[in-house]
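Q:
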Amino acid sequence: MKQERTKELLQQYGVGPIQFSGTNDALYERHLTFDHVVDVKKASVRDQFEAAARAVRDIISQRWLLTERTYAEKNPKQVYYLSMEFLLGRSFANNITNALLAPLVEQAAVRKGIDHLVVTETEPDAGLGNGGLGRLAACFIDSMATMEIPGMGYGLRYEYGIFRQTIQDGWQCEQPDNWLRYPDPWEVPRLEEAVEVKLNCSFEVRGGALHPIIGRPSILLGIPFDRPVVGYGGKTINTLRLWAAGTPDYFDFQQFSRGDFVGALAETLTAESLTRVLYPDDSTSMGQGLRFLQEYFLVACALGDLIRRFRRGNSDWNTLPDKVAIQLNDTHPTMAVPELMRILLDEAQLGWDEAWGLTQRTLAYTNHTLLPEALEKWPLEWFEAMLPRHLEIILEINRRLLEVVRNRYPGDEDRVARVSLVEEGGRRKIRMANLAIVGSHSTNGVAAIHSRLLRTMTVKELAELYPERFNNKTNGVTPRRWLRLCNPTLSGVITDAIGDGWITDLSELSQLKKLADDRQFQDAFLKAKRQSKSQFAQWLKTTSGQSVDPNGMFDSQVKRLHEYKRQLLNALRVVVLYNRLRENPNQTMAPRTFFFAGKAAPAYHLAKVILKFLNNLAGTIDGDPVASGRIKVVFLPEYCVSLAERLIPATDVSNQISTAGYEASGTSNMKFMMNGALTLGTRDGATIEMAEEAGEDNFFLFGLTADQVADSRGWYDPRWHHQHEPETRAALDLIFSNYFSRNEPGVFAALEHALLSGGDHYMHLADLTSYLNADREVCDLYAKPNEWARKAILNIAASGKFSSDRTIAEYAAGIWNAKPCPIP
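In our numbering, the protein residues as written are 1 to 824.
#1: With burial defined as no fewer than 16 other Cβ atoms inside 10 Å of the residue's Cβ, what is the status of N318: buried or exposed?
#2: For N472, tell me which candidate among P176, T443, L643 has the shortest Cα-Cα distance.
#3: Who are the Cβ neighbours of Q522 in its own chain at under 6 Å, not counting the five residues just before and after it?
#4: Does the separation of the CB atoms of G129 and L88 fall below 9 Å?
#5: If I measure Cβ to Cβ from D526 and keep anything under 7 Å in the same chain, skipping five residues before and after, which residues do I get?
#6: K559 to S668, Cα distance in whole Å?
#7: For E381, count neighbouring C-beta atoms within 10 Å of its own C-beta (all shown protein chains included) and say buried if the count is 16 or more, exposed if not.
#8: Alpha carbons only, please: which of P338, Q165, N200 is nearest the one belonging to R829?
#9: With a cut-off of 8 Å on the beta carbons, I'd call D226 and V188 a contact; round off their distance for me.
#10: How long is the line joining the alpha carbons of D47 and A109, rounded to whole angstroms?
#11: For E645 and N398, I'd like the C-alpha separation in whole angstroms.
#12: Within this structure, are the beta carbons of A52 and I114 separated by less than 9 Å?
#13: Less than 9 Å between the beta carbons of D330 and S83, yes or no?
#14: Quick one: is P820 buried, meaning 16 or more other Cβ sit within 10 Å of its Cβ, or exposed?
#15: Would you tell me roughly how many angstroms separate the C-alpha atoms of E373 and R69, rounded to the nearest one?
#16: For G476, count neighbouring Cβ atoms within 10 angstroms of its own Cβ and tell me buried if that reaches 16, exposed if not.
#17: CA-CA distance, R519 and L794?
#18: Output the boundary residues of the beta strand (DSSP E) element that contains K791.
#19: With a CB to CB cut of under 7 Å and the five nearest residues on each side skipped, what residues in its chain are close to R359?
#20: Just the C-alpha distance for S285 and Q656, rounded to the nearest angstrom, thanks.
#21: Okay, do the stretch 176-183 and the stretch 116-128 touch, 3+ Cβ pairs below 8 Å being the bar?
#22: Mark L65 as exposed unless 16 or more other C-beta atoms lie within 10 angstroms of its C-beta, in which case mark it buried.
#23: Does the separation of the CB atoms of N238 and G153 fall below 9 Å?
#24: What does the Cβ neighbour count give for G22, buried or exposed, with the cut at 16 atoms within 10 Å?
#25: Mind checking F594: buried by the 16 CB within 10 Å criterion, or exposed?
#26: Please classify Y182 as buried or exposed, where buried requires at least 16 other C-beta atoms within 10 Å of its C-beta.
#27: Label W720 either buried or exposed according to how many other C-beta atoms from any shown protein chain fall within 10 Å of its C-beta, with 16 as the threshold for buried.
#28: In whole angstroms, give me the CA-to-CA distance for L136 and E693.
#29: List in chain order: all unbroken beta strand (DSSP E) runs of 3+ residues lying wholly within the stretch 314-392.
#30: Going by DSSP, name the residue or residues bridged to R164.
#31: Contact between the stretch 458-472 and the stretch 487-497 is defined here as three or more beta-carbon pairs at a separation below 8 Å; is this criterion met?
#32: Can you give me the C-alpha to C-alpha distance between Y662 and E392, rounded to a whole angstrom?
#33: Looking only at its chain, what residues have a beta carbon closer than 7 Å to the beta carbon of Y232, apart from the 5 residues adjacent to it on each side?
#34: Give me the Cα-Cα distance between I610 and F802, rounded to the nearest whole angstrom.
#35: When burial is assigned at 16 or more other CB atoms within 10 Å of the CB, is N551 buried or exposed?
#36: Let me confirm a value: M457 is counted as buried when at least 16 other C-beta atoms fall within 10 Å, else exposed. Which label applies?
As structure tokens, this is what we get:
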């Protein structure tokens, strides 16, 4: 954007360009002097970052306030997006990019003798999410602000992220991710807007652990911290409100006086523990219980706050669905169903039918998984102990639901059992996905295949009961962060060719299709890719000491470690290629680096073994001269948004190889696509739609389809592949011979069980040969740079559909009935 436009926006914000001109960089210096009390010339890099970030926040604050004031005056319908995760990444570069302040900030940095890049790198990634669910939420709130849709994100202010991943002897080690150890310059505490959260129990300390005392009610405080969500162009600045837990009675003086120093702080420990860490270890009952409380705490805080906002301008409860849309991001916020009913029944004093109608019309639910273990079920006794009123409401909802089912399907008690909100059996549980579907007016999947399988398999009976509620909203990602910000070189090439309209209308990338055969544009694309690869290689060398060849192919798979995502299948491919080199050292093989990154859940043992294998594979190949200069494996620890922003632009090949029918959508696939990587993948999730947009001949698809996976369950035997496919057998035998674990014999026994004796549930061996054949096609094409560039350009040109702006437009029109509210 032209600098004149930036100055115009500054004046619109009420801050004149004088603030960033000459030596009068008043905002920055004021924060160093008055916030940090340091001499400008002696400020540390951290001081510089905080002062610069607060200066930017000063500039956008007036626009932020104007956004809030406009919503209050115009009273539009507002969207409240409830999510347990918001994987934001760093905010500094994103905010100045979206507010169009980057040129002025960079000029100010030069005048002050500050290294702008070093200051930017000082900011930690916000520890508010782990994977695709949280990153999607971050993209969505970016799009809502850019599209001027009145909206607010609600999440939890975790003091620690999931964990900081380090590698020791090849194993994952979890360290605390204390991302808030320094003040966060973006957050604004709103202590006066705290919300009370009531529980039917309190807690005491016994044996070093917190234990609930049932029947002794207690109150927690939800303390809101607001962060600006800057829409592109800086016109609308929405809010992400994160809740921290506190307690009104933080100190029991009598207990302390008696010498029970820890017990005196029990309630404080309970509150602080609640938002201490993202995803407590759920392998224990206490960890699961903490997660249960986290989910209710988010819902209670969010609904308490949004109802308060609604009542400021609306006296008629019947207008609630006309003024409020609540989107539940997966099952985690499902307790919004009984909580909203409780508010409408007990506080608003409405009748059941009226309250139920308002609840359903206000709430909408997004499902993100087909895995049964990921569809949350909470023990009924936990509701009974902590949230008895909510349990009463859930059981009444269930009674009425089952009455409808029995009337419609008389005698079909199996159907009744599957639809019920209560899972009977040994330990009765509440099925949160069923509750979300029944208590809302919309249930959407996040890719066409996912929505179909959700409707026809996962919750088939509920979809038959409420067919009108089910729909699809294929995911998307924001092009502001995932192309313009993270890949300025390629962005420049694109903008030079078609203008910058694509930044807010990604469909304009379709104009690149006519340039796919243009040799000059192909060369410009290849040059941009080489530059990104060189920059990544230099960064990797500087930060880790590892050397990779930027002239070779960069082949990446980056996502959380899970069997269905099949990092192990990728590793088997590498073992086969390595075996080929061992058997024929003189064969021609172009240089190639295989990048892996992702975290394994602390209690997920097999995922940790797979991660260990990836590191041992990397070490073994590094130590073998036969592979030198030809293949290399690199595991990148501590995968996060900032690492993705570096690796994705540098990647040539994107591996999207989940077992067909298991990946809901994926979003890394979209990021790689719009950055010019070619996809090597299965027909799963949104990859199917991506291939439809670009043409399957511009993808490298392989493997079983979702229907074939389902149909083969009864007879599939992985040992057949071991017995009849020589390369498969050789690769497995090499692994199980301890070749990659000579000093740790037997350490990979779990892999043998997963792949052979345990039945290979995720069908790695069924797809391996097909994967290798597709991989050969990849290598053949890569040897022809301009043909490769042509397909990559066609992929970029076809990526317009996968903008989160398009997804949000579909939510707004098809689910929320929310319209833009321009800020004057």
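Heads up, the beta-carbon is just placed ideally off N, CA and C, and yes, glycines get one too.
A: On the basis of the coordinates in this document:
#1: exposed
#2: T443
#3: N786, A789
#4: yes
#5: Correcting the residue type first, residue 526 is Leu in the shown sequence and not Asp. Result list for L526: P785, A789, in chain order.
#6: 8 Å
#7: exposed
#8: Absent from the model: residue 829. The displayed extent of the chain is 1 to 824, so no value can be given.
#9: 5 Å
#10: 14 Å
#11: 46 Å
#12: yes
#13: yes
#14: exposed
#15: 44 Å
#16: buried
#17: 14 Å
#18: First-last for K791: 785-797, but that is the alpha helix (DSSP H), not the beta strand (DSSP E).
#19: Going by the sequence as given, residue 359 is Thr instead of Arg. So the list reads V337, L340, M341, L344, G439, once near-sequence residues are dropped.
#20: 34 Å
#21: yes
#22: exposed
#23: yes
#24: Unreliable placement is indicated for G22, whose pLDDT of 35 sits below 50; no coordinate value is reported for it.
#25: buried
#26: exposed
#27: exposed
#28: 21 Å
#29: 324-329, 363-366, 377-379
#30: Q175
#31: no
#32: 35 Å
#33: N98, T146, R480, I503, T504
#34: 31 Å
#35: exposed
#36: exposed
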